[in-house]
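Asker:
In my numbering, the protein residues as written are 587 to 1396.
1. Please determine whether the Cβ atom of residue 1195 lies at a distance below 8 Å from any heavy atom of the ligand SAH.
2. When you compare only the Cα positions, how much space is there between residue 1377 and residue 903?
3. Identify, in the order they occur along the chain, each residue of the same chain with its Cβ nearer than 6 Å to the Cβ of residue 1371, setting aside the five sequence neighbours on each side.
4. Between which two residues does the alpha helix (DSSP H) harbouring residue 1035 extend?
5. Label residue 1295 either buried or exposed according to how many other C-beta atoms from any shown protein chain fall within 10 Å of its C-beta, with 16 as the threshold for buried.
6. Taking residue 946 as the reference, which of 965, 784, 1171 has the closest Cα?
7. Of the residues 895, 912, 906, which one's Cα is nearest the Cα of residue 879?
8. Could you give the first and the last residue of the continuous beta strand (DSSP E) run that contains residue 1285?
9. Could you pull out every residue in the same chain whose Cβ sits closer than 7 Å to the Cβ of residue 626, ignoring the five residues on either side in sequence?
10. Using a 10 Å radius around the Cβ and a threshold of 16 neighbouring Cβ atoms, would you call residue 778 buried or exposed?
11. Could you check where the beta strand (DSSP E) with residue 902 kicks off and where it finishes?
12. For residue 1245 and residue 1222, what's the separation of their Cα atoms in angstroms?
13. Could you pull the DSSP bridge partners for residue 1243 from this structure?
14. How is the alpha helix (DSSP H) around residue 929 delimited, first residue to last?
15. Name, in chain order, the residues that DSSP records as bridge partners for residue 836.
16. Indicate the three-state DSSP secondary structure (helix, strand or coil) for residue 1157 in the structure shown.
17. By alpha-carbon positions, which one of 1207, 655, 955 ends up nearest to residue 1332?
18. Might you give, ordered along the chain, the residues of its own chain that have their beta carbon closer than 7 Å to the beta carbon of residue 824, omitting 5 neighbours on each side?
19. Quick check on residue 1391: buried or exposed, where buried means 16 or more other Cβ atoms within 10 Å of its Cβ?
20. Would residue 1157 be called buried (16 or more neighbouring beta carbons within 10 Å of its own) or exposed?
21. If we ignore side chains and look at the alpha-carbon of each, how far apart do residue 920 and residue 975 end up?
22. Leaving out the 5 sequence neighbours to the left and right, which residues in its chain are closer than 8 Å to residue 1048 when beta-carbon positions are compared?
23. Under the three-state reduction of DSSP, which class applies to residue 1311: helix, strand or coil?
24. How should residue 1367 be labelled, buried or exposed, when 16 other C-beta atoms within 10 angstroms of its C-beta is the threshold for buried?
25. According to DSSP, is residue 679 part of a helix, a strand, or is it coil?
26. For residue 643, write down the residues that DSSP places opposite it in a beta bridge.
27. Tell me which residues share the same chain as residue 774 and place their Cβ nearer than 6 Å to its Cβ, disregarding the 5 neighbours each side in the sequence.
28. Can you tell me whether residue 1148 is buried or exposed, with buried defined as 16 or more other CB within 10 angstroms of its CB?
29. Distance check for residue 1257 and residue 1033, CA to CA, integer angstroms please.
30. Taking the beta strand (DSSP E) that residue 1142 falls in, what are its first and last residues?
31. Measure the alpha-carbon distance for residue 751 versus residue 618 and round it to whole angstroms.
32. Give me the Cβ distance between residue 1151 and residue 1205, rounded to the nearest whole Å; I'm assuming they're in contact under 8 Å.
33. Rounded to whole angstroms, what's the CA-CA distance from residue 803 to residue 689? Just pull it up for me.
34. Restricting to Cα atoms, I'd like to know which of 850, 1299, 659 is closest to residue 731.
35. Taking the alpha helix (DSSP H) that residue 1002 falls in, what are its first and last residues?
Structure representation (structure tokens):
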């Protein structure tokens, strides 16, 4: 009964017919960063309004309502906007977010104060896409792009006025616009834009804007403010303090604004006879004078970089955080045709700014150095290291099916290991949630790493209720300017904190890996050019571990014939383009591969008339090579030189073990790989770790190459998933000789969070018992004269003088 009375009482407080405010941040909430930049103690005003747009910082100032300098609001509100003469404040809301359809009505009202009558002009515009029928050819209008393209989806969304009103009188006002009916004429109407403009010579105060619709009753409009900024605490801190920022833009052609047709600067004046016709060629260099900012010219390589989603984000951050362009380096690693696996060959080169500014390579114009363009960034004590990495599209070649998540995670961990504190943002182009499976992979990684995931795919999917998908992506999957505008809007939502600012959630640094395959993508890359001894006859290569990018000529203009561990090339038809390459391009390779077993021999071959130009191969982190020539090995006889046809990837010496003979290696880590040279008539290689047999392989089997050649060659096999600690490897020959080359050992722990460390003091002759025992013999360090006599997982015995020890293991 009490619950029923409470429900009735609560319902009575809600006015009949009340509807939800459909605007984002109608209270004009904000967060001031003045104190972060100048140590000013006031935090009651700032020069931009979250989730509202303006042309430049300071056009509209957000004030805490009681402290605004113009007027006392007639109703209690949190924030007041002071709109300066001639300036405008705007907000775009998509119909899919509002849960509105064409034919339905909405209403807009706003309160404020003006010194002169008619100062505030309020407008609601409908936004529709250009959906003219037929096709057009850029070449007919003097452009270099060839081919015909749909007339639809050219340029920006088209704003058309639906309702407008001017506030009469002076002093306090409450302005209500006529009912706004969303057109239902069959055009692709996708959103509403609310615009407030000050037409006077005096500042205007406005507050309590309200956009409502009775049609939303029973629906769930999206009006909650995004909280993604809380997952970018370091980046937001830099922006608030006005510090230089280095942003790496990952992805492909979509991310740098390549499109069909190109992203031209169109004539966007509906009254112009050349409406929606190109004004500048997209393949020409960007000219800042054409947009009123000649000083921007060297910072945008081409017009596509300016109109891309991240180009728009860059400009938005400049407006919101009062930034000059020379403090925001947007480094376009994105390249036409590229995919995540290929990008690993370029990570270090782009992160360290090793290529000079160039339109094709990094989205800047030639002629100046990085230091000339970004002097404060280059002068930072930590150097110009990346601060933020934005992952965008991933719809090109699929290298390893579901395991492609490993290539993304490997890139994330590569950055984390080299640049602690680097942050990531996911906003992958995903046309109607069906363009690429990579989006689902990034959602999984977002959950594991605490990275904000902005779901543009869902936004576009909802938008197709009002506009067919091809209007956003008219040809070849490339979004046009209107789609880039929506994409940028999603990105921008991650950089708009509103008081009270919530506590940040630092992104997870090197957590447990999502998949074991990530291990191969996480390590160091080595390049082998065509004259390297590692390339046998220009057609074959033994991988260092599990990951490689290949560049090869041939293929007779079609796909290059590739074999991995003897698999026929048809196995890769749906995984890679396998296009011929005349040279090593760090952003586009012939083949990228990574879903291979650690510790095993992996043979990459090209067939037909193909020849290898270069190979990039990754080495797993914390790998050590123990060749049999090393004194670490205990051998029955000294090792001798070994002649390799493959550049000796597993070692340059061999130790011949006769039947029953054993070689011993003591090592520290979690995994190992035993390498040998195959010989006709050889016996079996038997390997034991810590007294347990872990490996038994024939050591005399030949390999049949793709050419049909039968060859005895190097091989190796892995012993994996051991607990971290000190181990003893014994390799024995059985039934015939074994020609041992050595071993590789690894420490594959994802991080040191779960390591177990014990400290103590020991006396000579003392045995220290470990409770509970370690899973493997721990690694023990000693100081002060005490020496380790022997150790097991359960205990350690010391000799020498009294001293301290440290034991580490699992």
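Glycine included, every Cβ here is placed at the ideal spot set by N, Cα and C.
Answerer: Quick answer:
1. Questions concerning the ligand SAH fall outside what the structure shown contains, since it holds no ligand whatsoever.
2. Numbered from its first residue, the chain shown carries residue 1377 at position 791. Numbered from its first residue, the chain shown carries residue 903 at position 317. About 59 Å.
3. One-based indexing of the chain shown puts residue 1371 at position 785. Closer than 6 Å at the Cβ level, and outside the excluded window around residue 1371, lie 1386, 1387, 1389.
4. Here the question's residue 1035 lines up with position 449 in the chain shown. Counting along the chain, the alpha helix (DSSP H) containing residue 1035 begins and ends at 1024-1035.
5. One-based indexing of the chain shown puts residue 1295 at position 709. When all chains shown are included, residue 1295 counts as exposed.
6. As a first step, residue 946 must be located in the chain shown, where it is residue number 360. That would be 1171, whose Cα lies nearest to the Cα of residue 946.
7. Translated into positions along the chain shown, residue 879 becomes position 293. For the residues 895, 912, 906, the minimum Cα distance to residue 879 belongs to 912.
8. The count along the chain shown starts at 1 and reaches residue 1285 at position 699. Residue 1285 -> no beta strand (DSSP E), and no H or E assigned at all.
9. Here residue 626 is taken as the residue at index 40 of the chain shown, counted from 1. For residue 626, where only same-chain residues beyond five positions count, the Cβ hits under 7 Å are 620.
10. Locating residue 778 in the chain shown gives position 192, counting from the first residue. With 16 or more other Cβ atoms within 10 Å, it is buried.
11. If you number the chain shown from 1, residue 902 lands on position 316. Taken as a continuous stretch (DSSP letters only), residue 902 belongs to no beta strand (DSSP E), being part of the alpha helix (DSSP H) at 895-907.
12. Numbered from 1 along the chain shown, position 659 holds the residue referred to as residue 1245. Numbered from 1 along the chain shown, position 636 holds the residue referred to as residue 1222. Approximately 12 Å, taken between the alpha carbons.
13. If you number the chain shown from 1, residue 1243 lands on position 657. For residue 1243, which the question treats as bridged, DSSP gives the partners 1324.
14. By 1-based counting over the chain shown, the position of residue 929 is 343. Looking at the DSSP string, the run of the alpha helix (DSSP H) that includes residue 929 is 926-929.
15. As a first step, residue 836 must be located in the chain shown, where it is residue number 250. DSSP, once it has assigned bridges, lists 977 as partnering residue 836.
16. Taking the chain shown and counting its residues from 1, the one referred to as residue 1157 is at position 571. Here the model assigns residue 1157 a pLDDT of 49, short of 50, so the residue's position is not dependable and the matter cannot be decided.
17. Mapped onto the chain shown, residue 1332 falls at position 746. It is 1207 whose Cα lies nearest to the Cα of residue 1332.
18. The residue given as residue 824 occupies position 238 in the chain shown. The answer, listed in chain order, is 831, 973.
19. Stepping through the chain shown from its first residue, residue 1391 is reached at position 805. Buried.
20. Numbered from its first residue, the chain shown carries residue 1157 at position 571. Only weak support exists for where residue 1157 lies, its pLDDT of 49 falling under 50; the value from the coordinates is given anyway. Exposed.
21. Locating residue 920 in the chain shown gives position 334, where the first residue counts as 1. Locating residue 975 in the chain shown gives position 389, where the first residue counts as 1. Taking the straight line joining both Cα atoms gives about 11 Å.
22. Position 462 of the chain shown, counted from the start, is the residue given in the question as residue 1048. Only 680, 682, 683 meet the Cβ criterion.
23. Your numbering for residue 1311 matches position 725 in the chain shown. Strand, per DSSP.
24. The residue given as residue 1367 occupies position 781 in the chain shown. With fewer than 16 Cβ atoms within 10 Å of its Cβ, residue 1367 is classed as exposed.
25. Counting from one through the chain shown, the residue named residue 679 turns up at place 93. Strand, per DSSP.
26. Numbered from its first residue, the chain shown carries residue 643 at position 57. Residue 643 is not bridged to any residue.
27. As a first step, residue 774 must be located in the chain shown, where it is residue number 188. Here the set comprises 714, 715, 717, 1053, 1057.
28. Against the chain shown, residue 1148 aligns to sequence position 562. Per the 10 Å Cβ criterion, buried.
29. Along the chain shown, read from residue 1 onward, the residue named residue 1033 stands at position 447. Along the chain shown, read from residue 1 onward, the residue named residue 1257 stands at position 671. One C-alpha to the other measures close to 28 Å.
30. Along the chain shown, one-based indexing puts residue 1142 at 556. Unbroken run through residue 1142: none, as it is neither H nor E.
31. The residue given as residue 751 occupies position 165 in the chain shown. The residue given as residue 618 occupies position 32 in the chain shown. Cα-Cα distance, rounded: 32 Å.
32. Within the chain shown, residue 1151 is the residue found at index 565, counting from 1. Within the chain shown, residue 1205 is the residue found at index 619, counting from 1. About 19 Å; that fails the 8 Å criterion.
33. Numbered from its first residue, the chain shown carries residue 803 at position 217. Numbered from its first residue, the chain shown carries residue 689 at position 103. Cα-Cα distance, rounded: 16 Å.
34. As a working mapping, residue 731 is identified with position 145 in the chain shown. Checked all of 850, 1299, 659; the closest Cα to residue 731 is 850.
35. Residue 1002 sits at position 416 when you count from the first residue of the chain shown. Counting along the chain, the alpha helix (DSSP H) containing residue 1002 begins and ends at 991-1004.
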